[in-house]
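Asks: Protein chains in written order, with my numbering: chain A, 99 to 452; chain B, 99 to 452.
#1: Mind checking if residue 263 of chain A is an interface residue toward chain B, Cβ cutoff 7 Å exclusive?
#2: For a quick check, are the C-beta atoms of residue 207 of chain A and residue 224 of chain A less than 7 Å apart?
#3: Can you tell me where the alpha helix (DSSP H) with residue 160 of chain A in it begins and where it stops?
#4: At the 7 Å Cβ level, is residue 338 of chain B part of the contact set with chain A, yes or no?
#5: Taking all protein chains shown into account, do 16 or more other C-beta atoms lie within 10 angstroms of the C-beta of residue 148 of chain A, making it buried, or fewer, making it exposed?
#6: Along chain B, in chain order, which residues have C-beta atoms closer than 7 Å to that of residue 455 of chain A?
#7: Which whole-angstrom value describes the C-beta separation of residue 196 of chain A and residue 126 of chain A, a residue pair presumed to lie in contact below a C-beta threshold of 8 Å?
#8: Looking at residue 112 of chain A: is its Cβ nearer than 7 Å to the Cβ of residue 153 of chain A?
#9: Over what stretch of residues does the alpha helix (DSSP H) that includes residue 288 of chain A continue unbroken?
#10: Using only the alpha-carbon positions, how far apart do residue 99 of chain B and residue 445 of chain B sit?
#11: Excluding the five sequence neighbours on either side, which residues of its own chain have a C-beta within less than 6 Å of the C-beta of residue 299 of chain A, listed in chain order?
#12: Using a Cβ cut-off of 7 Å, which residues of the stretch 271–301 of chain A contact any Cβ in chain B, in chain order?
#13: For a contact meaning CB atoms closer than 7 Å, what does residue 334 of chain A contact in chain B?
#14: By the DSSP assignment, the alpha helix (DSSP H) with residue 393 of chain A in it spans what residues?
#15: Nearest chain B C-beta to residue 223 of chain A closer than 7 Å, yes or no?
#16: What number of angstroms, rounded off, separates the C-alpha of residue 229 of chain B from the C-alpha of residue 283 of chain A?
#17: Between which two residues does the alpha helix (DSSP H) holding residue 127 of chain A run?
#18: Have a look at B:289, B:103, B:261, B:205 and flag the residue whose alpha-carbon is nearest the alpha-carbon of residue 238 of chain A.
#19: Which class does residue 188 of chain A belong to by DSSP, given the choice of helix, strand or coil?
#20: Can you find a C-beta in chain A that's less than 7 Å from the C-beta of residue 99 of chain B?
#21: Which of the three DSSP states, helix, strand or coil, is assigned to residue 99 of chain A?
#22: Quick check on residue 183 of chain B: does DSSP put it in helix, strand or coil?
#23: Should residue 381 of chain A be labelled buried (16 or more other beta-carbon atoms within 10 Å of its own) or exposed?
#24: Can you give me the Cβ contacts of residue 241 of chain A inside the same chain, cut-off strictly under 6 Å, excluding the 5 residues immediately before and after it?
#25: List, in chain order, every chain B residue whose beta-carbon is nearer than 9 Å to that of residue 258 of chain A.
#26: Assuming residue 217 of chain A contacts residue 357 of chain A (C-beta within less than 8 Å), just tell me the rounded distance between them.
#27: Do you know offhand how far residue 246 of chain B's Cα is from residue 327 of chain A's?
#28: Kindly indicate which residue of A:365, A:379, A:265, A:452 has the alpha-carbon position closest to the one of residue 278 of chain A.
#29: What is the residue span of the alpha helix (DSSP H) that residue 350 of chain A lies within?
#30: Among the candidates A:305, A:135, A:318, A:352, whose CA atom is the shortest distance from the CA of residue 331 of chain A?
#31: List, in order along the chain, the chain A residues whose C-beta lies closer than 8 Å to that of residue 243 of chain B?
#32: Which partner residues does residue 218 of chain B have in the DSSP bridge list?
#33: What's the call for residue 129 of chain B, buried or exposed, on a 16-neighbour Cβ count within 10 Å?
#34: Using a Cβ-Cβ cutoff of less than 7 Å, which residues in the same chain neighbour residue 314 of chain A once the five nearest sequence positions on both sides are dropped?
#35: Do we get a CB-CB distance below 7 Å when we pair residue 359 of chain B with the residues of chain A?
#36: Starting from the C-beta of residue 437 of chain A, find all residues in its chain whose C-beta is less than 6 Å away, skip the five residues before and the five after it, and write them out in chain order.
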């Protein structure tokens, strides 16, 4: 369990890099014509977000490059745009961080259309604020922009193309995961292993890419790249499982969306998968057809039943186990302040309040 | 005006390469799990299509590589997978051809959702055959697969990354063009230049990429790459203008979709842009709200009025002019059978019956 001190360290590290990432997003993905398209494309990027994934990208670079912010310097003093490679030359690891966040934003926009979710990051989702066509196109624009941006990151590095390949494969996996997620809504029985495979594809691979791509660009050895990818997969899966717990346990105003939405939308989560195996009538837990129609009391009752079945504790335990495994992978990195922050992030992902 | 002999030569060249392209699509984008997602992603690719753009890609490679099919050998005798570069090494130009066709298929699927078009290539559009969520995801999957496939094409070529950058920029332009196209449906006045800019972004850039990417991969000089991109832009714009003419003049069963659909959907075309400037009440030409509701007689009357205004001839003339310009760009290529076929294709794009 992460202490308050750990959480504070993580939030400070994220906050310090967020300002730089936001500046870089503005520089690499500026407003352009047609105005409505670019406004819609940038809308969620501007609505906030912790920038956890880009922070992972920058920290991996710091750990590998020996250009560590933290003990002796602030992130603002690190030139992420011309970051020294392991052998020779430089790459733009900030562009890689931006590309990861841009892909994340694309997936949120298209997922919200498919799930018909009204709220995201405390504001109307893109297809509600604009319309479905604009939201589809905004997602598509973010998609290609991410590849444009990443292809410039390693322009002179032979590994630039490999980084693109990792991102492309990651996006394919995300689509596969989202497809499974939708399929699971219509299936009464989903196994724990199947569920974990879905989360790995839908969510965790982008953490994998966030950690592996800077290593690829910097020319790290293949076993280091693989270990970092594994770190991202396990930490990202832990993140999603914890997210599913938070969807049930955190007040709507802190979540930025309605509490219990996963239950109403019949989403498979590790909690409901476990509960079904314990004989809980998961489909009967809430009655509402739409998230707006569900009462807080109804969600409270559902949560109590899931707690009695041990399903919430099962999910918490699985998340903790995955986070512990992910931290072990980081031993491949040099012992730096940046590595220590990555360890803290793995803890934070499964202990954060929202 | 292209002769029947020209058309026959083009169709033979396309047909000979189509079989190889289709084989390559199966190899590079095979069925996978989740099954429904991959079926939906491959659905339009399997429904047909002439494979004009990939043929352009292969012909450019043939013209540059001196490995010309035609007079002395058939395309089946050319190894497009290990195609000799201008200086040293080989690239997989077939993978580039597949990537272009996969992107084309992605744009059709998402465009059909936005336009709510029911038919495509004579079969139900993907969101009608499956559902909107599956169609969004199928398009997204094709998108990332195209980048995966292209990133393997030039794996050992330093220009591999530049090829990816061209494709990414192309996709951004396509989104911008589609956004303008939608915007134009809600505007009463669109200028000829604006319209041509929209077509360049939405449609022509993919012809530009189809012609330029093989040149990039093969290591051709920058002025050759630029000339080929220009060829694609002009030929592609001519193609779209001719397509707009065909939408009004070709029977529905040959089009594979309902004749006159552009008029019903209030799409701006060069024909309607011109007609408005001549004082024609374009919005009053057809009464129907949906393509299913429009009669052949109503379309016939609309076409007669557009002919009287000179708008159809204006569009035909513009298409011919662009095709002529595009052919002139090809003089940068060595004088080969492949170049001669590219010239024929430019003619064919503005003379084809459907």
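In this text, a Cβ means the ideal position worked out from N, Cα and C, and glycines have one as well.
Replies: Quick look at the numbers:
#1: yes
#2: yes
#3: 150–163
#4: no
#5: exposed
#6: As shown, chain A starts at 99 and ends at 452. That puts residue 455 of chain A outside it, with no answer to give.
#7: 5 Å
#8: yes
#9: Run containing residue 288 of chain A: none; DSSP gives neither H nor E here.
#10: In this prediction, residue 99 of chain B scores a pLDDT of 49, lower than 50, which makes its location untrustworthy; the coordinate-derived value is nonetheless stated afterwards. Answer to the nearest angstrom: the Cα atoms are 7 Å apart.
#11: 271, 274, 275
#12: 273, 274, 276, 277, 278, 280, 281
#13: The premise fails here: residue 334 of chain A is roughly 18 Å from chain B at the closest Cβ pair, so nothing lies under 7 Å.
#14: Careful: residue 393 of chain A lies outside any alpha helix (DSSP H) and carries neither H nor E.
#15: no
#16: 15 Å
#17: Per DSSP, residue 127 of chain A belongs to no alpha helix (DSSP H) and is neither H nor E.
#18: B:205
#19: strand
#20: Confidence at residue 99 of chain B is low in this model, with a pLDDT of 49, below 50, so its placement is unreliable and the value that follows should be read with caution. Cβ-Cβ to chain A under 7 Å: no for residue 99 of chain B.
#21: At residue 99 of chain A the pLDDT is 49, less than 50, meaning the model places this residue with poor confidence and gives no usable figure here.
#22: coil
#23: exposed
#24: 204
#25: 258, 259, 262
#26: That belief does not hold up - the Cβ atoms of residue 217 of chain A and residue 357 of chain A are roughly 11 Å apart, past 8 Å.
#27: 18 Å
#28: A:365
#29: 350–353
#30: A:305
#31: 266, 270
#32: B:221
#33: exposed
#34: 257, 260, 261, 264, 323
#35: no
#36: 161, 428, 431
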